[in-house]
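Residue numbers (this note's numbering): -16 to 70. C-beta atoms are modelled at their ideal positions from N, C-alpha and C, and glycine is treated no differently.
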Amino acid sequence: MSPWLVLIVLILWVFSIVAGYYLGKRKGRRAAGLWLTVLLSLIGLAILAFALRPVKAETPPEEPLKAVGSIQPPWAGLSETDSWVWR
């Protein structure tokens, strides 16, 4: 191989790494984008292009827990229910 061909291949490889980093950053997988393109070059870039964005878990709304059939008053906390043990 001629030195010019090696230089062109290296430039394309570096370009694919930079493109993989920015594509991974856009999809929320910055490290995966970088490593896939470093190790697999254009094939890693194609894998990253078809990868799905990670789904964020939804947190349930903050509601107080209610026990069904409980005889405790609503103001009684957990620390107050077992206070007779420490007397």
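Does the beta-carbon distance from SER(-1) to LEU25 come in below 7 angstroms?
yes
TRP18 versus ARG9: straight-line alpha-carbon distance, rounded:
15 angstroms
So, for LEU23: in the same chain, excluding its five sequence neighbours on each side, which residues have a beta-carbon less than 8 angstroms away from its beta-carbon?
A distance below 8 angstroms between beta-carbons, with the five flanking residues on each side excluded, links LEU23 to the following residues of its chain, in chain order: ILE30.
Where the alpha helix (DSSP H) containing THR20 begins and where it ends
13 to 23
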